[in-house]
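K.L.:
In the numbering used here, the protein residues as written are 166 to 793.
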RNA sequence: GGGGCUGUAGCUCAGCUGGAUAGAGCAACCGCCUCCUAAGCGGUAGGUCGCGCGUUCGAAUCGCGCCAGUCCCGCCA
């Protein structure tokens, strides 16, 4: 067995201020080594290969001391400069005391890339331009085409990653606030899983504390048998259950007293109360599951706050043992470094309240310990709103100072912005409440359905009810997801059914349509893509084919970027450009009417495009359709 | 008062470790279906990259300072 080449991907160091917001990473001082992941590459990415060649050329030209110099290899922004450009010559002008152009000439003289690219060219002040050779591209296309993973390598070893989302509170219905964590968390976990990580999806649901008093009291009152019975009594729909409980709570003072009493009993571990609590949790989880199913989310492991109850006291004790705990005004706290209150005094993180109760920081710390000790996790990702940036920075800081979080692991807050209404303000319903998640999804489907029916009528097409329902559901849900994922995670975005369902532009329907076009070619030409022989090859001729093919081959680079920066919009951007390039090819290069061997070559290129779109969309959590 | 983030075309947003003429979609205007579904393609027009200073051969990108918006800052999550 041949040893596989390896490359190391380093966490990006946190020096740049622009990065702080992207991820809160815990690193002990700037000089410490960053955790690294080693990837085996069964098909070395083009950019990695070129980089290696350039480094070898640097050594050959200027000596071994330049071996670690970054060749500053980037894709060109203009096809006339080729596919990639190395900008290292300019940066070496000063240390080498040479003219950049002369440096570039020396590098090129020592550069062996004939198996990958055409003869390098030097342009401008000293740019080294590289254009991939047709033979190399065709060889790469063939390798990708015959690989179920489309040439994307898996990580080795498959380290464990926990993605913590969307963690709703069980005492409320899921609302607009859960839209982004659900979609982004699901997408990131799919991408990381595809890259070979051992992904554990945990939903840290809010299933403990005061909000349950009211609900438990209502179970007692409305379903008195439920507490003594072992059977799982049906509490009806979650929405009506909440509504009724709230009504009782608001109208009756004695009921409020009962609710408060229930909280005390719950925390004391009273069995009948626990039973009622469990019933509420089950109802909520069941209801949320139907929403997850509608959204097409991957299955989650529910590990709520209550799970960590047995570990909370130990967190406090451990902090005390480390000498971090300070009692202040009756509360047990850890005073934070770098956080001050409005008076300029150090801010505490309260881990036990003056009444002896615990709060969410304690639970988060317990979860950190559990995930390290029991789950043996290497990386934990929290896709949570940007409002909680301070909270995570604080909890991670305490985890680090307690010695739990080390350099070998990464705890990452992947923050996102708010969902805004078309008025640019935080999205709310007419009545001012948070919009219910389920209603948003249903509305998107209804919009898609109306659009579809109008279009079918305009085209004089007659389709079955089943077809219409399926397409409306897929387009509606996909549009909502894609609209969310296609924007930079860190910024707010304006939620608009009209825009996300627009049939043109950077939207889910546009991408799905590109896929449908390939399927259309298959139907028209009676081609079974699945049975295309591995021996047949793609031959690139027209400019449109080159442009499309080069883009297809960049999938692994995009996914490698997302592995590091956790920004799904990069994949959306990639797929949008892929679809655009395919549409241009489709417009300019006839497939079925072409002469052989061009015809077969183009069929293969179409199929590879479709496979790439399908895979890419699936990583976003979006399915494809054969016909729309 | 302190801190985070955001500020790029009329609108919504990309812009990767600083790199050649700052991109896309929508909206506007002009074209393209006897031809694989036009949910498509081509073109025109539109920008002091919030402002200033600095670092650099080179800055939308890095640093500092302002301005504007937004979020957070002790026992809720």
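Every residue gets a Cβ at the ideal spot worked out from N, C-alpha and C, and that includes glycine.
1) Can you check whether the CB of residue 569 is closer than 9 Å to the CB of residue 534?
2) Go ahead and pull the three-state DSSP assignment for residue 523.
3) Within 10 angstroms of the Cβ of residue 507, are there 16 or more other Cβ atoms? Answer buried if so, exposed if not.
4) Could you round the C-beta distance between residue 305 and residue 718 to whole angstroms and report it? I think they count as a contact, below 8 Å.
5) Ends of the beta strand (DSSP E) at residue 490?
6) Across the region 664-680 and the region 738-758, are there enough close Cβ pairs to call them in contact, namely three or more that are closer than 8 Å?
7) Would you check if the distance between the CB atom of residue 734 and the CB atom of residue 650 is smaller than 9 Å?
8) Looking at the strands, I want to know which residues DSSP matches up with residue 499.
9) Could you tell me which of 790, 609, 724 and 289 sits nearest to residue 358, measuring between CA atoms?
10) Can you give the Cα-Cα distance for residue 590 and residue 537, rounded to whole angstroms?
11) Beta-carbon separation of residue 713 and residue 669 under 9 Å?
12) Can you tell me whether residue 522 is buried or exposed? The criterion is at least 16 other CB atoms within 10 Å of its CB, across all chains shown.
13) Can you name the start and end residues of the alpha helix (DSSP H) that residue 294 belongs to?
14) With a 10 Å radius around its C-beta and 16 neighbouring C-beta atoms as the bar for buried, classify residue 773 as buried or exposed.
15) Note the first and the last residue of the continuous beta strand (DSSP E) segment covering residue 573.
16) Please report how far the alpha carbon of residue 377 lies from the alpha carbon of residue 614, in whole angstroms.
17) Can you tell which of 548, 577, 438 and 232 has the C-alpha that lies nearest to the C-alpha of residue 384?
18) If you count every other CB in all the chains shown that lies within 10 Å of the CB of residue 690, and 16 or more means buried, which is it?
19) Is the Cβ-Cβ distance between residue 316 and residue 329 less than 9 Å?
20) With three or more beta-carbon pairs closer than 8 Å as the criterion, would you say the region 337-353 touches the region 434-448?
21) Please report how far the alpha carbon of residue 444 lies from the alpha carbon of residue 469, in whole angstroms.
22) Can you tell me which of the three DSSP states residue 457 falls into?
23) Roughly how many angstroms separate the alpha carbons of residue 664 and residue 607, rounded to a whole number?
24) Can you check which of these residues, 584, 337 and 374, is closest to residue 402 by C-alpha distance?
25) What is the DSSP secondary structure of residue 580, reduced to helix, strand or coil?
26) Under the rule that 16 or more other beta-carbon atoms within 10 Å means buried, what is residue 346, buried or exposed?
27) Suppose only complete runs of 3+ residues qualify. What are the beta strand (DSSP E) ranges in the region 214-256, listed by chain order?
28) Please return the same chain residues whose Cβ sits closer than 6 Å to the Cβ of residue 278, not counting the five positions on each side in sequence.
29) Using alpha carbons as the reference points, say which of 373, 549 and 312 lies closest to residue 584.
30) Could you tell me whether the region 573-587 touches the region 644-663, where touching means 3 or more Cβ pairs closer than 8 Å?
31) Measuring CB to CB, does residue 368 end up less than 9 Å from residue 467?
32) Between 296, 726 and 710, which lies nearest to residue 770 when the distance is taken from Cα to Cα?
33) In the DSSP assignment, what are the bridge partners of residue 716?
34) Name, in chain order, the residues that DSSP records as bridge partners for residue 466.
35) Of all the options 722, 602 and 630, which has the alpha carbon lying nearest to the alpha carbon of residue 331?
36) Within the continuous beta strand (DSSP E) that includes residue 286, where are the two ends?
P.N.:
Short version:
1) Yes; because the gap between Cβ atoms is below 9 Å, this pair is in contact.
2) Residue 523 carries a coil assignment under DSSP once its states are collapsed to helix, strand and coil.
3) Residue 507 should be labelled exposed.
4) The beta-carbon distance between residue 305 and residue 718, rounded to whole angstroms, is 5 Å. This is short enough to meet the 8 Å contact definition.
5) Bounds of the beta strand (DSSP E) holding residue 490 are 490-493.
6) These segments touch.
7) In this structure, residue 650 lies closer than 9 Å to residue 734 by Cβ.
8) Beta-bridge partners of residue 499 (DSSP): 490 and 514.
9) Of the residues 790, 609, 724 and 289, the one whose Cα lies closest to the Cα of residue 358 is 724.
10) Spanning the alpha carbons of residue 590 and residue 537 requires a straight line of approximately 39 Å.
11) No, the Cβ-Cβ distance between residue 713 and residue 669 is not below 9 Å.
12) Exposed: under 16 other Cβ atoms inside 10 Å.
13) That residue, residue 294, is in no alpha helix (DSSP H); its beta strand (DSSP E) goes 292-295.
14) Buried.
15) Premise fails: residue 573 is in no beta strand (DSSP E) and is neither H nor E.
16) In a straight line, the C-alpha of residue 377 is about 39 Å away from that of residue 614.
17) Of the residues 548, 577, 438 and 232, the one whose Cα lies closest to the Cα of residue 384 is 438.
18) Residue 690 should be labelled exposed.
19) In this structure, residue 329 does not lie closer than 9 Å to residue 316 by Cβ.
20) No, the region 337-353 does not touch the region 434-448.
21) The alpha-carbon atoms of residue 444 and residue 469 are separated by roughly 15 Å.
22) If DSSP states are grouped into helix, strand and coil, residue 457 belongs with the helices.
23) About 16 Å.
24) Residue 337 is the option with its Cα nearest to residue 402.
25) Coil, per DSSP.
26) With 16 or more Cβ atoms within 10 Å of its Cβ, residue 346 is classed as buried.
27) Every beta strand (DSSP E) of 3 residues or more that sits fully in the region 214-256 is shown, in chain order, as 238-240 and 249-251.
28) Cβ neighbours of residue 278 within its own chain (closer than 6 Å, five residues either side excluded): 218.
29) When each option's Cα is compared against that of residue 584, the closest is 549.
30) Because the criterion of three Cβ pairs below 8 Å is met, the region 573-587 and the region 644-663 touch.
31) Yes, the pair counts as a contact, with Cβ atoms nearer than the cut-off.
32) For residue 770, the closest of 296, 726 and 710 by C-alpha to C-alpha distance is 710.
33) Per DSSP, residue 716 has no beta bridge partner at all.
34) Answer is 367, bridged to residue 466.
35) The option with the nearest alpha carbon to residue 331 is 602.
36) For residue 286, the enclosing beta strand (DSSP E) has its first and last residue at 286-288.
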